[in-house]
Structure formats: C-alpha cells, structure tokens
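Numbering (this note's numbering), first residue to last: 2 to 264.
Virtual Cβ for every residue (Gly too), placed ideally from N, Cα, C.
Contents: one structure, followed by commentary.
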C-alpha cells in the first residue's frame, strides 16, 4: 500500500474511531413511567420519553434524547435516555416528560416536568402518567394536526423516501427540523449533522433555500441524512394531516415528520 492509500484509509477510519470514543462517554437517565388505571394498553400503543433542556420559560425546550417503546401492554414502562455529559451545563435545568398514544389518540401524558441531572436532581426517576380525559373520564383524541402549527414546532423525521425512520432505542438524537416564523429560518439535525437554512412560505407552498450542514461523517445514518437533505431540496409544498407534517414535491410525499411531544 503506497503512502497516499494509507493516508486515505486513516482519514476514513478516523470519524468511526471518534464516534466510538464519544459513545463510550455517554451517560444515561433511566426510570419508569406508571399509569394507575387497571387496564391493558391497546395493540399498537406507543410510549415516548423525552429528555430536554428547559432552562428558559420564554424559549422552546431543547430536545437532547428520546426513546420510543412500541406496543407496551401494562405499566410500569421502563426507559433509558442516553446523553453526552459534555453537552450538559450545570447552570441549566433539564427534565423528562412522556406520553402514550394509540391510533392517533393521546391516551396518557405526564402533567408535570421531572427534573434530572443538574441542580441536585437524580438520573433515575419514576414518573406518573395521567389519562387524557373529558368530563366523563373517557380518553380523547390528540389535538388535530393544525394545532401543531407548521412554524415554531419541533418536527421529528419519521419517514423519508418512503422508508420509515425508527426512533433510536438508545435515546440518541433524532433527525428533526424547526421553522422559526419570526425570521423564516430553518434549524435542524440530519441524524448526524446540524443544519441551518431559510424558507419561503405562501399558503401551502413551501420551499427551503440556502440549507447548509456541518460535515461530520456518520456511517450508520448516512443514508437517512442523504435522503432527508434531498427531500428538503425537492419540497414545493406541505400538508398537515393526522398529526403529521408531510413535505411534498408537487403531489409526491418526500418526507413525513411528527410533532415532538410537549413542545
């Protein structure tokens, strides 16, 4: 192997080595979520726990990690949220919240934040899930998709190029985006790299421009990252339906995103 080939091989291996070091330095928030009703959850129920920074009341929470548990049947539901301790500021406040949905309906949700990590809080917690009920105590559907507005909402990628994007079982950051109405700016994460850009919005016409991302290489998420950025470039309009944001290239759905709970 000549000198140039050895150098190229070393450069290719470096990002994977760095990623392995970072993975080994991860810390974890663990716990369980309990609902007190004596019932089995319906088939297809989804539990989602989210770790977020909630330091400022006048700013949106910053999602750090999520974990999704598919088809839980009874409580307690145990979860594990992995995070990078290097990204934690001891002056800030962090909390966990959770919810259970089934068939597009919100069944249970935590009605308060559970502090973790900083300011004397622990990294192991027990949460209470409360039923979403009307005056007769019956579970109600989640709010219609229009309640989660296109702008100023955090949207997590769930499908791109007709392929589902599963939530990470280890609580790692998910591909997502947020459109800020005040300055028409895009902020997001591709699954590997942070991204920024601009957008124009006229009725249901939506276009993304000047989208740029950091240049970290992640082999495991490269395919999703490429498809996500391509979908943004192809987007010409959007649709809010059944609790999801659909990005459209003319009449073709190029990506689907779901509103992050509690945001």
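Legend entry - Distance, residue 74 Cα to residue 259 Cα: Counting from one through the chain shown, the residue named residue 259 turns up at place 258. Counting from one through the chain shown, the residue named residue 74 turns up at place 73. Taking the straight line joining both Cα atoms gives about 23 Å.
Inset, instruction - Could you tell me whether the stretch 228 to 240 touches the stretch 203 to 211, where touching means 3 or more Cβ pairs closer than 8 Å? - result: Taking 8 Å as the limit for Cβ pairs, the verdict is that the stretch 203 to 211 does touch the stretch 228 to 240.
Legend entry - Minimum C-alpha distance to residue 214 - residue among 188, 242, 224 and 115: Taking the chain shown and counting its residues from 1, the one referred to as residue 214 is at position 213. Considering only alpha carbons, the answer is 188.
Inset, instruction - Look at the Cβ atom of residue 128, then the Cβ atom of residue 102, and state whether they are nearer than 8 Å. - result: Along the chain shown, one-based indexing puts residue 128 at 127. Along the chain shown, one-based indexing puts residue 102 at 101. In this structure, residue 102 does not lie closer than 8 Å to residue 128 by Cβ.
Inset, instruction - Starting from residue 256, trace the beta strand (DSSP E) both ways and give me its first and last residue. - result: Walking along the chain shown from the start, residue 256 turns up at place 255. That run of the beta strand (DSSP E) goes 253 to 260.
Legend entry - Segment contact flag, the stretch 90 to 107 with the stretch 176 to 195, C-beta cutoff 8 Å, min 3 pairs: Result no; under three Cβ-Cβ pairs closer than 8 Å.
Legend entry - Local conformation of residue 166 per DSSP, three classes: The sequence position of residue 166 within the chain shown is 165, counting from 1. Residue 166: coil per DSSP, three-state reduction.
Legend entry - Length of the line joining the Cα atoms of residue 1 and residue 175: What is shown of the chain runs 2 to 264, which leaves residue 1 out entirely.
Inset, instruction - Please state whether DSSP places residue 144 in a helix, a strand or coil. - result: Walking along the chain shown from the start, residue 144 turns up at place 143. With a pLDDT of 40 at residue 144, under the threshold of 50, the modelled position of this residue cannot be trusted; read the value that follows with caution. Three-state DSSP puts residue 144 in coil, outside helix and strand.
Legend entry - Start-to-end residues for the alpha helix (DSSP H) that takes in residue 110: Here residue 110 corresponds to residue number 109 of the chain shown, with the count starting at 1. Residue 110: not part of any alpha helix (DSSP H); member of the beta strand (DSSP E) spanning 106 to 110, first to last residue.
Legend entry - Contacting residues, own chain, Cβ-Cβ under 8 Å from residue 210 (five flanking each side not counted): What you label residue 210 is simply residue 209 of the chain shown in a count that begins at 1. Once the five neighbours on either side are set aside, the close Cβ partners of residue 210 are 198, 199, 200 and 201.
Legend entry - Local conformation of residue 234 per DSSP, three classes: The residue labelled residue 234 in the question sits at position 233 within the chain shown. Of the three classes helix, strand and coil, the one that applies to residue 234 here is helix, per DSSP.
Legend entry - Residue range of the unbroken beta strand (DSSP E) whose run includes residue 116: In the chain shown, counting from the first residue as 1, residue 116 sits at position 115. From DSSP, the beta strand (DSSP E) with residue 116 extends over 115 to 117.
Inset, instruction - Locate the beta strand (DSSP E) running through residue 27, then write down its first and last residues. - result: Position 26 of the chain shown holds residue 27. Element bounds for residue 27: n/a, residue is neither H nor E.
Legend entry - Top-ranked residue by Cα proximity to residue 26, from 63, 164, 85 and 42: Stepping through the chain shown from its first residue, residue 26 is reached at position 25. Selected option, being the one with the closest Cα: 85.
Legend entry - Whether residue 255 touches residue 249 by CB criterion (8 Å): Here residue 255 is taken as the residue at index 254 of the chain shown, counted from 1. Here residue 249 is taken as the residue at index 248 of the chain shown, counted from 1. Yes, the pair counts as a contact, with Cβ atoms nearer than the cut-off.
Legend entry - Three-state secondary structure assigned by DSSP to residue 224: Against the chain shown, residue 224 aligns to sequence position 223. Helix.
Inset, instruction - Look up residue 218 in the DSSP assignment and say whether it is helix, strand or coil. - result: For this step, residue 218 is matched to residue 217 along the chain shown. In this structure, DSSP gives residue 218 a state outside helix and strand, which the three-state scheme calls coil.
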